[in-house]
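Using UniProt numbering, the letters of the sequence shown correspond one by one to residues 1 to 117.
Before any comments, here is the structure.
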Amino acid sequence: MITYHSIAKVGDIPEGEGRAFHLEGLMIAVFLKEGEYTAINDFCPHQGAPLSTGYVDEQGAVTCPWHAWRFCIKDGTWLDNPRSKLQVPVYPVRIEGDEIQVGLELPDKEDDSTSED
């Protein structure tokens, strides 16, 4: 089940840039490119650099600020080697009113109050 969480307000992220947000134990990078918000995991799988601080080009690729690995901000694909299975996780984004919301698939919590004595 996907649960959406408000992480910012519309207008908090400048066009063509990203920002990092802590959400449910994860660091999520949210980008605004051509009026569309996208969200990926903020950590580069190479050495953990924050992708949210990377350069976003015209094609919607973010370049890691440490070693210049490039990832698609829409689907997380590693653009330096598109045949690779390596990619960063992506998350759904929606706008509700003036809030930017990111969806996470969280496991259902079991109710422990029904255990037998």
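The beta-carbon is built from N, C-alpha and C at its ideal position, and this holds for glycine as well.
Taking the Cα positions, residue 85 is about 8 Å away from residue 77. The alpha carbon of residue 55 has as its nearest neighbour, out of 49, 48, 63, the alpha carbon of 63.
DSSP, read as helix, strand or coil, puts residue 51 in helix. Taking the Cα of residue 39 as reference, the smallest distance to any Cα among 5, 65, 47, 69 is reached at 5. Sequence-distant Cβ neighbours of residue 87 in its own chain, meaning closer than 6 Å and more than five residues away, are 76, 77, 78. Between the beta-carbon of residue 18 and that of residue 29 there is about 5 Å, and that keeps the pair under the 8 Å contact cut. Collapsing the DSSP output to three states places residue 84 in coil. Here residue 64 carries a coil assignment [DSSP, helix/strand/coil].
Secondary structure note for residue 10: it is in no beta strand (DSSP E), with a DSSP letter that is neither H nor E.
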